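Q: Take the sequence shown: its letters are residues 499 to 733, numbered as in this note's numbering.
Beta carbons: idealized from backbone N, C-alpha and C, even for Gly.
None of the values given here were measured: they were computed from a predicted structure.
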Amino acid sequence: MKFHILTLFPDMVDTCLQTSILGRAADNGCISFHTVNIRDYTLDKHKKVDDYTYGGGAGMVMQAQPVYDAWKSVQKDGERIRTVYVTPQGRTFTQEIAREMAGEEELIFLCGHYEGVDERVLEETVTDYISIGDYVLTGGELPAMVMVDAIARLVPGVLHNAESAQTESFQNGLLEYPQYSRPFCWNGKEVPEVLVSGDHKKIEKWRQEQSMARTKERRPDLYEKYISENTCICK
499 MKFHILTLFP DMVDTCLQTS ILGRAADNGC ISFHTVNIRD YTLDKHKKVD
549 DYTYGGGAGM VMQAQPVYDA WKSVQKDGER IRTVYVTPQG RTFTQEIARE
599 MAGEEELIFL CGHYEGVDER VLEETVTDYI SIGDYVLTGG ELPAMVMVDA
649 IARLVPGVLH NAESAQTESF QNGLLEYPQY SRPFCWNGKE VPEVLVSGDH
699 KKIEKWRQEQ SMARTKERRP DLYEKYISEN TCICK
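1. With distance defined between alpha-carbon atoms, name the residue in SER530, PRO508, ASP575 nearest to CYS609.
2. Return the first residue and the last residue of the alpha helix (DSSP H) that PRO564 is part of.
3. May I ask which residues mark the beginning and end of the beta strand (DSSP E) holding ARG716?
4. Suppose the cutoff is 6 Å on Cβ atoms and the five residues either side in sequence are ignored; what does the same chain contact list for LEU520 look like?
5. Does the contact criterion of 3 or more C-beta pairs under 8 Å hold for the segment 576-591 versus the segment 547-565?
6. Which two residues bound the contiguous alpha helix (DSSP H) that contains VAL619?
7. Among ILE595, TYR612, GLU604, whose alpha-carbon lies nearest the alpha-carbon of ILE628?
8. Tell me, which residues are paired with THR533 by DSSP?
9. Roughly how many angstroms lie between the CA atoms of GLY631 and ARG589, to the nearest whole one?
10. Please state whether the Cβ-Cβ distance between LEU652 and ARG716 is less than 8 Å.
11. Is GLU727 closer than 8 Å to GLY671 when the C-beta atoms are compared?
12. Based on the DSSP secondary-structure assignment, which residues constitute the bridge partners of VAL547?
13. Comparing alpha-carbon positions, which option in GLU617, ASP538, PRO690, ASP626 lies nearest ARG739?
14. Taking C-alpha atoms, which residue in LYS687, GLY696, TYR566 lies nearest to VAL624?
15. Tell me which residues share the same chain as VAL511 and place their Cβ nearer than 7 Å to its Cβ, disregarding the 5 neighbours each side in the sequence.
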């Protein structure tokens, strides 16, 4: 899977995505990253990519021409790559969206700055408006990298243990159960006996109970949804 990130700060993106699990996956050819510096496509000799907003108001707006030409540079003849504009005005990013997007062969992320991007170029290029939460950041790079990370780790071969992605929070509608490692006793606290019992059925039952209890406590909205979707009402 290939990720294209259109940005004014390619070094920021490259530094993050070329490390740890994603970096190794890229080295192994499971995924690839292509950062595009939007400034490289401006026609302004001073590399300017923004201007004042029509109608007045604070801040500057990214101009349509450099954004559009940067976007066009990664398009293929006869194809249109799914393009995500990172914006607090979009639908909220979820694990479900991550799973859906992990099925794409390529994705483009457009990272805005200042007061945003000229609406006309968004209308020409964007297929998905996505937010990572109800707050505003200084640019789209951080949320884009959050989404790339969440999507990439669902691509086959990225995680060393493929089972990891199937047992995490949100995969079955619940938060993940507590995890423990050695030593058995730390700071006076012992690992739950069931986890060292060797009885896999009991362990699975305990983990399910813990997931439900943790979800009910920390995310009652998810818990209620899970209960409603998994309760059979027989007449």
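A: So, to answer that:
1. PRO508
2. 562-570
3. Counting along the chain, ARG716 falls outside any beta strand (DSSP E), though it belongs to the alpha helix (DSSP H) covering 698-716.
4. The residues are ALA650.
5. No: fewer than three Cβ pairs fall under 8 Å.
6. From DSSP, the alpha helix (DSSP H) with VAL619 extends over 617-623.
7. ILE595
8. ILE503
9. 9 Å
10. no
11. yes
12. VAL547 pairs with nothing; no bridge assigned.
13. In the structure as shown, the chain begins at 499 and stops at 733. Residue 739 is therefore absent and cannot be evaluated.
14. TYR566
15. ILE503, THR505, THR533, GLU639, MET643
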